[in-house]
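Taking our numbering, the leading residue of the sequence shown gets 7, the next gets one more, and so forth.
Built from N, CA and C at the ideal position, the CB exists for glycine as well.
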Amino acid sequence: MSDDRLSTAVTKKLSELLEGAYPVARNSLIYAEVVTGEFNYLGVAELRDVLDHIKRAVSTSDEEEALKYIEAANEHIRRCAVESVQRAATKTFFDALKVVRYPHWMYKVLLHDVPDKKRIRDLRMTAMEKIASGRSHKSDKSQWIISLKDFETAIDSCFEIIDMCPSKNQIRFQAFSIICGIITIVSLVVAIVCLI
Numbered sequence: 007m008s009d010d011r012l013s014t015a016v017t018k019k020l021s022e023l024l025e026g027a028y029p030v031a032r033n034s035l036i037y038a039e040v041v042t043g044e045f046n047y048l049g050v051a052e053l054r055d056v057l058d059h060i061k062r063a064v065s066t067s068d069e070e071e072a073l074k075y076i077e078a079a080n081e082h083i084r085r086c087a088v089e090s091v092q093r094a095a096t097k098t099f100f101d102a103l104k105v106v107r108y109p110h111w112m113y114k115v116l117l118h119d120v121p122d123k124k125r126i127r128d129l130r131m132t133a134m135e136k137i138a139s140g141r142s143h144k145s146d147k148s149q150w151i152i153s154l155k156d157f158e159t160a161i162d163s164c165f166e167i168i169d170m171c172p173s174k175n176q177i178r179f180q181a182f183s184i185i186c187g188i189i190t191i192v193s194l195v196v197a198i199v200c201l202i
């Protein structure tokens, strides 16, 4: 407020925002960056908007206007959290789908354990359901924390799928190793036959 004194209501709302919702959004933003391995520009932009609204809230002398700015800041915090973690969940889900696209015979030929089809299906369904649930609750101001938990559960399910199955690089390396082994054996046989 212009006289450098904030009303009790404004101070209380700012305190709730900075001590309650902000740490959740910050942790969600960091979690999403760790999961995706990418800088989260959209989440950081939302946090920038939070600061803009807080600045306006403390700069106005009208308590009602200040409370509206704080509510707008709270909305940006919610968006930062849910959009960041939703993006991470969706990306991880599609990464998990790519991993399980190999036919079972390929695992056997490449001497890998065949992943449990039923377990993968269950994990995929859990991830899909949790992403859908998170998306349906993310706009609800009273349930956005539940939405975050749904997205995190989906991410955990996807990571379990990814951990159960070899990566493309592992498959390629194993195929390359087998081909090199076959070439080596054939070369040895040809060399032995030529020597005889």
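- Message: Using only the alpha-carbon positions, how far apart do Glu89 and Thr14 sit?
- Response: For the purposes of this step, residue 89 is taken as the residue at position 83 of the sequence shown. For the purposes of this step, residue 14 is taken as the residue at position 8 of the sequence shown. Taking the straight line from one Cα to the other gives about 32 Å.
- Between the C-alpha atoms of Leu201 and Ile185, what's the straight-line distance to the nearest angstrom? Here the question's residue 201 lines up with position 195 in the sequence shown. Here the question's residue 185 lines up with position 179 in the sequence shown. Here the alpha carbons of Ile185 and Leu201 stand approximately 24 Å from one another.
- Task: Take every Cβ of the segment 68-80, pair it with every Cβ of the segment 39-46, and state whether three or more of those distances are shorter than 8 Å.
- Result: They do not touch, by the three-pair rule.
- Query: Can you tell me whether DSSP reads Arg11 as helix, strand or coil?
  - Reply: Position 5 of the sequence shown, counted from the first residue, corresponds to residue 11. Three-state result, Arg11: coil.
- Message: Counting C-beta neighbours from all protein chains within 10 Å, is the total for Trp111 16 or more, i.e. buried, or is it exposed?
- Response: One-based indexing of the sequence shown puts residue 111 at position 105. Under this definition Trp111 is an exposed residue.
- Heavy atom of the ligand GDP within 6 Å of Asp58 beta-carbon: This structure lacks the ligand GDP, and indeed carries no ligand of any kind.
- Task: Please classify Ser8: is it buried, with 16 or more other beta-carbons within 10 angstroms of its beta-carbon, or exposed?
- Result: On the sequence shown, residue 8 is found 2 positions in, with the first residue counted as 1. Unreliable placement is indicated for Ser8, whose pLDDT of 44 sits below 50; the coordinate value is still reported in the next sentence. Exposed: under 16 other Cβ atoms inside 10 Å.
- Length of the line joining the Cα atoms of Ala94 and Val50: Along the sequence shown, read from residue 1 onward, the residue named residue 94 stands at position 88. Along the sequence shown, read from residue 1 onward, the residue named residue 50 stands at position 44. Distance from the CA of Ala94 to the CA of Val50, rounded to the nearest whole angstrom, comes to 15 Å.
- Query: Do Phe165 and Val91 come within 7 Å of each other at the CB atom, strictly closer than that value?
  - Reply: Within the sequence shown, the letter at position 85 stands for residue 91. Within the sequence shown, the letter at position 159 stands for residue 165. No, the Cβ-Cβ distance between Val91 and Phe165 is not below 7 Å.
- Taking Ile161 as the reference, give the member of Gln149, Leu129, Ile152 with the closest Cα. Numbered from its first residue, the sequence shown carries residue 161 at position 155. Closest by alpha carbon: Leu129.
- Message: For a test of the three-state rule: what should DSSP assign to Val120, helix, strand or coil?
- Response: Residue mapping note: residue 120 aligns to position 114 of the sequence shown, counting from 1. Here Val120 sits in coil by DSSP.
- Could you pull out every residue in the same chain whose Cβ sits closer than 6 Å to the Cβ of Asp55, ignoring the five residues on either side in sequence? Numbered from 1 along the sequence shown, position 49 holds the residue referred to as residue 55. Excluding residues within five positions, the ones whose Cβ falls inside 6 Å are His82.
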